[in-house]
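Number of protein chains: 2
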Amino acid sequence: MITRRQLIDQIKQKKSFLCVGLDTDIDKIPEFLKQYPDPVFEFNKRIIDATKDLCVAYKPNSAFYESYGVKGLQSLVATSKYLPQDTLNIIDAKRGDIGNTSDKYARAFFDEATSGMSFDAITVTPYMGNDSVTPYLKYEGRWVIILALTSSVGSKDFQYLNTGDDYLYEAVIKKANTWAGADRIMYVVGATKSTEFTNIRKYAPDNFLLVPGVGAQGGSLQDFCQYGMTKDCGLLVNASRSIIYAGSDDDFADAAREEAKKLQQQMAEELEKAQII
Amino acid sequence: MITRRQLIDQIKQKKSFLCVGLDTDIDKIPEFLKQYPDPVFEFNKRIIDATKDLCVAYKPNSAFYESYGVKGLQSLVATSKYLPQDTLNIIDAKRGDIGNTSDKYARAFFDEATSGMSFDAITVTPYMGNDSVTPYLKYEGRWVIILALTSSVGSKDFQYLNTGDDYLYEAVIKKANTWAGADRIMYVVGATKSTEFTNIRKYAPDNFLLVPGVGAQGGSLQDFCQYGMTKDCGLLVNASRSIIYAGSDDDFADAAREEAKKLQQQMAEELEKAQII
């Protein structure tokens, strides 16, 4: 588990606010790993070893593991146990259900004794309202990361609906801020326009924002920082495919490190520019 | 897989539109089952055997299985393989993510070759818009069941936001109707007021509605039917705890059958009243 204070310290120490997305697909990993009993875990392990001094968070996407059934879940459990203690370890699960069901999902991802997994944070979808979020907050020290504005094509369908004074995504942030503070809640903000960050910072001045859109999904780091950065950094910028599939051969971990290093160096510049380090 | 036509035929034949929710919790099942290698599956198997002529759908809630990690998923896989061919087998997973991730979730629940599971339908959450729904529709003959109006306390937080002419839940139905027809899309409607059904039928005159609120969660079957039933029935009414935990001893399956039978008989009356049978 990692507190807001510890996260900020990690950011300053590593000069990075990089989150490495472990969207690991067995069809895309180097051939030679397939000789191992759990190739997906073997891949993740080497990616983690190669990047852990350059990033402050890891984020396995649950769907990639679930698509392989029991075998996939075994890889996810093994990965969760291997994640470093000093990074914020996020399960990207986008769950959202009524209270008693959210309790079960919280056990699935936070309660190692029953599920074998203990993540620090979970992504959740807000449609069902407070009982789809608050059960996770009962686990002391864990984080929920609520979908606000996503970078998907479909984000236009509902997130930009006008609900009186606010777009729906703004109404979500305003309401969720009443459930817990910036020490427990982050928001997913897949902004494609930098002005959206300015807007979101009006409602979430202190919350960390998880930004999924750098690397393969596009998006300019400088823009995110200019409009979204706070005095405590306040950003976690995720890159998945651009890092983990940077190489496709025996040297894939080195190639991943190179890519992570490039992003880390750009991030260090932004942190210096903002006088955070 | 089961088409709309086949579902309607099943309803007429069994005189039932009951969905049995398999929200199975190992802490709530009879003690004697714990001697079996997979007690949760053993429980589900007996519930299925005892109710399959009285219901037209089954709905395991994924969270209950996920909370037990790999063991839980093994129970879910075994249950999915045991579900009857002639019922609509729904995985209640409430997933919702961007396109390429939804593809993975679709494999997790529809593609037996990779995940071991092949459900007929999945519940999804609409917040991320069309790419969180349409990937499931690529699987011919499968259904998506989209959260519209839920019975949760938190439903008030966003689903009732006014978005111009419509509440958000109405806007969801209107938009989702452009993605596919009533032969592929159903809606979750946890109406607590019967007038809401009238309202929803304005926008979804033909779609089947999955109603979670009978039994332990309360809700009057007569009201649902008066305001929500169509000439093809158009309703699947779920009951979970009130059926599966009706008994707690060796005779739990008989007790479950009794409860299911009571609901089936009430449903037969409603179907007769509406001259569907």
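Protein chains in written order, with full-length UniProt numbering: chain B, 1 to 277; chain A, 1 to 277.
Each residue gets a CB set at the ideal place from its N, CA and C atoms; glycine is no exception.
Using 8 Å as the threshold, is the C-beta distance between Leu149 of chain A and Tyr169 of chain A below it? yes
Starting from Arg107 of chain A, find everything on chain B with Cβ-Cβ shorter than 7 Å and list it in chain order. Ser67
Does the structure place the stretch 241-256 of chain B close enough to the stretch 264-275 of chain B that three or more beta carbon pairs sit under 8 Å? no
Indicate whether the contact test is met: 3 or more Cβ pairs, each with one atom in the stretch 103-123 of chain A and one in the stretch 124-133 of chain B, closer than 8 Å. no
With distances taken between CB atoms, is the gap from Leu161 of chain B to Thr114 of chain A smaller than 8 Å? no
Give me whichever residues DSSP pairs with Lys202 of chain A in a beta bridge. According to DSSP, which records beta bridges pairwise, Lys202 of chain A is partnered with nothing at all.
Tell me which residues share the same chain as Lys45 of chain A and place their Cβ nearer than 7 Å to its Cβ, disregarding the 5 neighbours each side in the sequence. Tyr82
Return the CA-CA distance between Thr195 of chain A and Val56 of chain A, expressed in angstroms with no decimal places. 26 Å
Can you tell me whether Ile243 of chain B is helix, strand or coil according to DSSP? helix
Please compile the residues from chain A whose C-beta is within a distance smaller than 7 Å of the C-beta of Gly154 of chain B. Met128, Gly129, Asn130, Asp131, Ser132
Listed by chain order, chain A residues near Gly99 of chain B by CB distance under 9 Å: Ser152, Val153, Gly154
Please state the DSSP three-state secondary structure of Thr163 of chain B. strand
Tell me the rounded alpha-carbon separation between Tyr65 of chain B and Leu22 of chain B. 10 Å
For Asn238 of chain A, the three-state DSSP class (helix, strand or coil): strand
Between Leu147 of chain B and Thr178 of chain B, is the Cβ-Cβ spacing less than 8 Å? no
Helix or strand or just coil, what does DSSP make of residue 306 of chain A? Residue 306 of chain A lies beyond the residue range present for chain A, which begins at 1 and ends at 277; the question has no answer from this structure.
Between Ser80 of chain A and Asp38 of chain A, is the Cβ-Cβ spacing less than 8 Å? no
Contact set between Ser115 of chain B and chain A, taken where Cβ atoms lie within less than 8 Å: Glu66, Ser67, Tyr68, Gly69, Gly72
Please report how far the alpha carbon of Asp53 of chain A lies from the alpha carbon of Leu73 of chain A, in whole angstroms. 26 Å
Looking only at its chain, what residues have a beta carbon closer than 8 Å to the beta carbon of Ser152 of chain B, apart from the 5 residues adjacent to it on each side? Gly190
Same chain, Cβ closer than 8 Å to Tyr203 of chain A, five either side skipped, listed in chain order: Glu170, Ile173, Lys174, Asn177
Unbroken beta strand (DSSP E) run spanning Asp92 of chain B, endpoints: 88-95
Relative to chain A, which residues along the stretch 153-180 of chain B have a C-beta separation below 8 Å, given in chain order? Val153, Gly154, Ser155, Lys156, Asp157, Phe158, Gln159, Leu161, Asn162, Thr163, Gly164, Leu168, Ala171, Val172, Lys175
First through last residue of the alpha helix (DSSP H) which encompasses Lys12 of chain B: 4-14
Identify every residue that forms a DSSP beta bridge with Cys225 of chain A. In DSSP, Cys225 of chain A forms no bridge with anything.
Could one say the Cβ of Ala204 of chain B lies closer than 8 Å to chain A's Cβ atoms, at least one of them? no
Does Leu147 of chain A have its Cβ less than 8 Å from a Cβ in chain B? yes
Please return the same chain residues whose Cβ sits closer than 7 Å to the Cβ of Leu88 of chain B, not counting the five positions on each side in sequence. Ile2, Leu7, Val56, Ala57, Asp120, Ala121
With distances taken from CA atoms, which of B:Asp165, B:Asp251, B:Gln85 is nearest Phe32 of chain B? B:Asp251
Are Lys59 of chain A and Ile277 of chain A close, meaning C-beta to C-beta below 8 Å? no
Ala63 of chain A CB to nearest chain B CB: under 8 Å? yes
Beta-carbon within less than 7 Å of Asp249 of chain B's beta-carbon, same chain only, minus the 5 sequence neighbours each way: which residues are those? Pro30
Going along the chain, which residues of its own chain have a beta-carbon closer than 8 Å to the beta-carbon of Asp183 of chain A, five neighbours each way excluded? Thr3, Arg4
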